[in-house]
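110 is the number of the first residue of the sequence shown in our numbering; add one for each residue after it.
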Amino acid sequence: MSKTIAEVAAETGFSTPTLRYYEQEGLLPRVPRDGAGNRIYGEAEMAHLNVLRCLRSAGLSLAEVKHYFKLVEQGEETLHARRELMIQAQARMQQQLDEIKGCLRFLDHKIRYYDTCCAAQAAGRPIPAYRAEVGNGDV
């Protein structure tokens with residue numbers, strides 16, 4: 110189940126230069142090579158990349174990801190520190206999610222208004238005046 114760097118790039122969404130950079134910076138353990146010197150990614154490397162992708166998607170900086178992997182290498186005595194990193198990332202993601210939900214509510218409100226306008230226009234009725242919801246920043 111070994112994969113080339115091109116296959117891994119296609120599967121993970123990381124570019125080949127990014128994969129090389131992650132290895133060079135210690136964000137990915139040294140990837141085994143074949144006889145020709147080409148990187149060969151196995152299950153362990155793929156699992157590591159999946160964790161890396163999730164941590165990056167969660168908003169962790171490269172420095173935070175590197176710190177997290179160093180904590181993992183240090184063993185069980187770093188469990189509390191790793192947990193704290195995850196709690197901080199979760200809080201940031203929750204804030205982002207709350208912002209996204211607010212934007213979705215705004216879009217839902219606008220779509221309902223435009224649906225009403227389009228229906229009125231199609232029926233030859235006047236377009237209703239827009240009523241902004243106070244505190245939503247509606248325009």
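Beta carbons: idealized from backbone N, C-alpha and C, even for Gly. Since the model is a prediction, treat every value here as computed from it, not as a measurement.
Member of the options whose CA lies at the smallest distance from the CA of residue i
{"i": "R201", "options": "G168, E120 and K175", "result": "G168"}
{"i": "A153", "options": "R191, V140, C163 and E132", "result": "V140"}
{"i": "K175", "options": "A118, G151 and H157", "result": "H157"}
{"i": "G122", "options": "F178, L161 and G211", "result": "L161"}
{"i": "R234", "options": "R240, T225 and A241", "result": "T225"}
{"i": "S166", "options": "D143, Q205, T187 and M110", "result": "Q205"}
{"i": "H218", "options": "Q199, A232, R240 and L137", "result": "R240"}
The alpha helix (DSSP H) enclosing residue i, as first and last residue numbers
{"i": "T121", "result": "I114 to T121"}
{"i": "G128", "result": "As written in the sequence, residue 128 is Leu, which differs from the Gly given in the question. Unbroken alpha helix (DSSP H) run through L128: T125 to Q133."}
For residue i: DSSP bridge partner residues
{"i": "R142", "result": "R148"}
Classification of residue i by the beta-carbon crowding that lies within 10 angstroms, buried from 16 upward
{"i": "V117", "result": "buried"}
{"i": "I114", "result": "buried"}
{"i": "L216", "result": "exposed"}
### Message
To test your reading of the DSSP string, which unbroken alpha helix (DSSP H) runs of 4 or more residues are found completely within the region 160–222?
### Response
171–183
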